[in-house]
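Participant: Okay, so the first sequence: first residue is 1 according to the UniProt record's numbering, each after it adds one.
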Amino acid sequence: MKKNVIPKEGVYYIYSIYQQILPELLVRDLTKLFYDIEMPLIPCLYRMEKRGIKIDIQFFKQLTKELEKEIFSLQKEIYQLSGIVFNLNSPKQLAEVLFDRLKLPIPKGKERSTASEVLIELLPYSPIIEKILRYRELNKVLTTYLKPFPEMCDENQRLHTYFDQTKTSTGRLASLSPNLQNIPVRGELGQKIRKGFISEEGYLLISADYSQIELRILAHITEDENLIDVFLQDKDIHTTTAAKIFKVKEEEVKEDMRRFAKMVNYGLIYGMSDYGLAESLRLKKEEAKEFMENYLNSFPKVKEWREEVIRKAKEEGYTKTLFGRPRYFPALLSPNKTLYEQAKRQAINAPIQGSAADIIKKAMVEVDRKLIENRFNIGLILTIHDELLFEIEKERIEEAKEIIKETMENIYPLKVPLKVNIGIGKNWQEAHS
DNA sequence: CTCCCCTCGC
DNA sequence: CTGCGAGGGGAGA
Ligand SMILES: [Mg+2]
Ligand SMILES: [Mg+2]
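1) Please state whether the Cβ-Cβ distance between residue 242 and residue 216 is less than 8 Å.
2) Given 8 Å as the limit, is there contact between the segment 162-169 and the segment 106-118, that is, 3 or more CB pairs closer than that?
3) Helix, strand or coil for residue 422 per DSSP?
4) For the candidate residues 431, 236 and 318, whose alpha-carbon lies nearest to that of residue 350?
5) In whole angstroms, give me the CA-to-CA distance for residue 276 and residue 421.
6) Can you look up residue 106 in the DSSP assignment and give me helix, strand or coil?
7) Please enumerate, following chain order, all residues with a beta carbon closer than 5 Å to at least one heavy atom belonging to ligand 2.
8) Short of 6 Å in beta carbon distance, which residues of its chain neighbour residue 214, apart from the five on each side in sequence? Order them along the chain.
9) Applying the 10 Å Cβ sphere with the 16-neighbour rule, what's the burial state of residue 201?
10) Taking 8 Å as the cut-off, decide whether the C-beta atoms of residue 371 and residue 381 are in contact.
11) Which value, in whole angstroms, describes the spacing of the CA atoms of residue 35 and residue 19?
12) Under the criterion of a Cβ to heavy atom distance below 7 Å, does residue 211 qualify as lining ligand 1?
13) Which residues mark the beginning and the end of the alpha helix (DSSP H) in which residue 116 is found?
14) Could you pull out every residue in the same chain whose Cβ sits closer than 8 Å to the Cβ of residue 63, ignoring the five residues on either side in sequence?
15) In chain order, which beta strand (DSSP E) runs of at least 3 residues are fully inside the segment 194-221?
16) Which two residues bound the contiguous alpha helix (DSSP H) that contains residue 326?
17) Taking the DSSP output, what are the residues bridged to residue 175?
18) Determine, using beta carbons only, whether residue 219 and residue 408 come nearer to each other than 8 Å.
19) Would you kindly report the start and end of the unbroken beta strand (DSSP E) that includes residue 379?
20) What residues match up with residue 101 in a beta bridge as DSSP calls it?
21) Between the alpha carbons of residue 410 and residue 361, how many angstroms are there, rounded?
22) Looking at residue 180: is its Cβ nearer than 8 Å to the Cβ of residue 53?
23) Just checking my contact of residue 133 with residue 114 at CB under 8 Å: how many whole Å lie between their CB atoms?
24) Cα separation between residue 364 and residue 15?
25) Taking the beta strand (DSSP E) that residue 393 falls in, what are its first and last residues?
26) Looking at C-alpha atoms only, which residue of 235, 151 and 212 is the closest neighbour of residue 265?
27) Beta-carbon separation of residue 221 and residue 295 under 8 Å?
28) Please confirm whether residue 57 and residue 153 have their CB atoms less than 8 Å apart.
29) Which same chain residues end up closer than 6 Å to residue 81 when comparing Cβ atoms and leaving out the 5 residues on each side of it in sequence?
30) Mark residue 230 as exposed unless 16 or more other C-beta atoms lie within 10 angstroms of its C-beta, in which case mark it buried.
31) Out of 112, 69, 347 and 337, which one is the CA nearest neighbour of residue 326?
32) Can you say whether residue 232 is buried or exposed, counting buried as having 16 or more other CB atoms within 10 angstroms of its CB?
33) Can you name the residues that DSSP bridges to residue 186?
34) Straight-line CA distance for residue 320 to residue 311?
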């Protein structure tokens with residue numbers, strides 16, 4: 001709920017809007033979604049925004065100081081190595097330095113670009129590249145997180161985001177001003193930044209993260225026996241998938257095989273084709289095709305479902321999530337092949353991503369209600385798509401943990417269990433399990 | 001102001 | 001030719 005969005009005069013129209021949307025809700029069978037999920041979510045989100053999350057301002061400022069020192073010397077070294085002073089933040093100028101002035105090659109299969117993916121390929125050609133990559137990493141965290149956040153805090157060193165309930169096409173929430181759904185987590189620097197998000201004195205943070213919620217939803221929707229089996233036995237989905245793709249025993253699955261399977265699993269959720277898979281993994285077409293076939297034979301209903309969801313979306317014009325949330329796809333009638341193919345991928349993804357959003361929203365309403373009912377002092381403070389973050393008084397941590405886990409895992413029973421991993425700590429890094 | 005490039009998260 | 005977002009900053013209007 002962003003500040004000042006409702007003008008005084010606007011309130012006048014709410015009843016007339018209600019009169020218009022009620023019949024619309026009824027004919028589209030959306031009353032449950034509206035009254036059981038989205039409406040109760042509004043006060044819940046408002047409380048989360050009001051509670052905010054505490055950051056260690058001194059820690060942010062100290063880290064800023066250290067990284068600014070490093071970034072300044074990086075900048076100097078980059079200008080030295082390139083023999084020219086230019087604006088490092090300008091991809092256009094940087095491309096001119098790298099590809100025209102220093103005559104570095106454009107990797108085959110890639111466009112002329114300074115994206116990190118391209119720069120990594122250029123690492124062997126010049127010592128300037130690693131410095132640019134590090135500069136980018138530091139500049140990103142400094143300008144997006146470390147420098148702005150201390151300025152945005154309230155008098156209690158707490159940051160308050162806004163959750164936008166209407167922004168996304170799938171039903172997810174969006175977080176803005178600041179966005180607290182894209183706080184760095186990967187790598188040493190990400191872990192360090194997360195240590196700056198802390199609990200109040202006498203409190204701890206609890207992170208509750210749905211394990212593989214989208215793949216569990218895929219298992220539920222497709223009713224694929226093998227996929228369901230993996231989750232009923234609580235096996236590692238990526239390891240199991242790797243074993244099936246490569247036709248080896250699960251004990252023989254190596255780390256890179258598991259990583260590959262993970263990409264395949266997510267690729268399927270995102271509507272990826274075998275061509276796209278081959279491309280992203282730089283595989284020979286035949287290999288990718290064989291792995292893809294092994295996958296589809298292992299989880300046959302996934303392929304059937306992907307075709308069925310597209311067929312239905314063409315016929316009816318929309319897809320639906322578990323809770324009946326529609327997403328419309330006019331582009332499925334487009335003569336433009338690019339738009340058409342894109343719409344097909346979106347139509348595969350929307351029911352999965354959107355159903356995950358349905359489930360976590362329902363869990364939020366329910367957990368928030370229970371924690372308030374039981375007189376917890378702070379409670380739910382953030383949602384990051386499949387994770388809920390809570391701030392709870394130390395003495396009642398175990399009590400809260402039980403309520404949270406039990407509520408989230410049983411909020412909407414599927415044909416496979418929903419599993420929630422809980423972590424506890426005095427900062428987000430410790431709590432994020 | 002908008003568009004684009006780039007990079008952070010799930 | 002893998003989905004959904006936010007946001008910093010450059011470039012050009
Ligand atoms: Mg998770
Ligand atoms: Mg997560």
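For every residue, glycine included, the Cβ atom is placed at its ideal position computed from N, Cα and C.
It should be emphasised that the depicted structure is a prediction, and the values quoted were computed from it without experimental measurement.
Facilitator: A quick look at the data gives this:
1) As a first step, residue 242 must be located in the first sequence, where it is residue number 242. As a first step, residue 216 must be located in the first sequence, where it is residue number 216. Against a cut-off of 8 Å, the Cβ pair of residue 216 and residue 242 comes out as no contact.
2) no
3) As a position in the first sequence, residue 422 is number 422, starting the count at 1. Looking at residue 422 - three-state DSSP - the assignment turns out to be strand.
4) Working through the first sequence from its first residue, we reach residue 350 at position 350. Measuring from the Cα of residue 350, the nearest candidate turns out to be 318.
5) By 1-based counting over the first sequence, the position of residue 276 is 276. By 1-based counting over the first sequence, the position of residue 421 is 421. C-alpha separation (whole angstroms): 32 Å.
6) Along the first sequence, read from residue 1 onward, the residue named residue 106 stands at position 106. Looking at residue 106 - three-state DSSP - the assignment turns out to be coil, as it is neither helix nor strand.
7) 209, 386 and 387
8) Stepping through the first sequence from its first residue, residue 214 is reached at position 214. Hits under 6 Å: 269, 352 and 356.
9) By one-based count along the first sequence, residue 201 stands at place 201. Exposed, because fewer than 16 other Cβ atoms sit within 10 Å of the Cβ of residue 201.
10) As a first step, residue 371 is located in the first sequence; it is residue number 371 there, counting from the start. As a first step, residue 381 is located in the first sequence; it is residue number 381 there, counting from the start. Contact: no.
11) For the purposes of this step, residue 35 is taken as residue 35 along the first sequence, with counting starting at 1. For the purposes of this step, residue 19 is taken as residue 19 along the first sequence, with counting starting at 1. Rounded to the nearest angstrom, the two C-alpha atoms are 15 Å apart.
12) Translated into positions along the first sequence, residue 211 becomes position 211. Yes, the beta carbon of residue 211 sits closer than 7 Å to at least one heavy atom of ligand 1.
13) Within the first sequence, numbered from 1, the residue matching residue 116 stands at position 116. Looking at the DSSP string, the run of the alpha helix (DSSP H) that includes residue 116 is 116-122.
14) For the purposes of this step, residue 63 is taken as residue 63 along the first sequence, with counting starting at 1. Contacts found: 146, 192, 193 and 196.
15) 203-210
16) Along the first sequence, read from residue 1 onward, the residue named residue 326 stands at position 326. No alpha helix (DSSP H) contains residue 326, which is instead part of the beta strand (DSSP E) from 326-328.
17) Here residue 175 is taken as the residue at index 175 of the first sequence, counted from 1. Per DSSP, 163.
18) Counting from 1 along the first sequence, the entry for residue 219 is found at position 219. Counting from 1 along the first sequence, the entry for residue 408 is found at position 408. No, the Cβ-Cβ distance between residue 219 and residue 408 is not below 8 Å.
19) The count along the first sequence starts at 1 and reaches residue 379 at position 379. That run of the beta strand (DSSP E) goes 379-383.
20) As a working note, residue 101 is residue 101 in the first sequence. Looking at the DSSP assignment, residue 101 forms no beta bridge with any residue, so it has no partner.
21) As a working note, residue 410 is residue 410 in the first sequence. As a working note, residue 361 is residue 361 in the first sequence. Approximately 13 Å, taken between the alpha carbons.
22) Counting from 1 along the first sequence, the entry for residue 180 is found at position 180. Counting from 1 along the first sequence, the entry for residue 53 is found at position 53. Contact flag set, yes.
23) Reading the first sequence from its first residue, position 133 is the one you call residue 133. Reading the first sequence from its first residue, position 114 is the one you call residue 114. Rounded, the Cβ-Cβ distance is 10 Å, inconsistent with contact.
24) In the first sequence, residue 364 corresponds to position 364, counting from 1. In the first sequence, residue 15 corresponds to position 15, counting from 1. Those two C-alpha atoms are separated by around 27 Å.
25) Here residue 393 is taken as the residue at index 393 of the first sequence, counted from 1. 387-393 is the extent of the beta strand (DSSP E) around residue 393.
26) Along the first sequence, one-based indexing puts residue 265 at 265. If we check each option's Cα against that of residue 265, 212 comes out closest.
27) By 1-based counting over the first sequence, the position of residue 221 is 221. By 1-based counting over the first sequence, the position of residue 295 is 295. It is not a contact, given that the beta carbons lie outside the stated cut-off.
28) On the first sequence, position 57 is the one that residue 57 refers to. On the first sequence, position 153 is the one that residue 153 refers to. A contact, by the Cβ cut-off of 8 Å.
29) Taking the first sequence and counting its residues from 1, one reaches residue 81 at position 81. Excluding positions up to five away in sequence, the list reads 128.
30) Walking along the first sequence from the start, residue 230 turns up at place 230. Flag for residue 230 reads buried.
31) Taking the first sequence and counting its residues from 1, the one referred to as residue 326 is at position 326. It is 347.
32) Taking the first sequence and counting its residues from 1, the one referred to as residue 232 is at position 232. That one is exposed.
33) If you number the first sequence from 1, residue 186 lands on position 186. Beta-bridge pairing links residue 186 to no other residue.
34) The residue labelled residue 320 in the question sits at position 320 within the first sequence. The residue labelled residue 311 in the question sits at position 311 within the first sequence. Whole-angstrom Cα-Cα distance: 13 Å.
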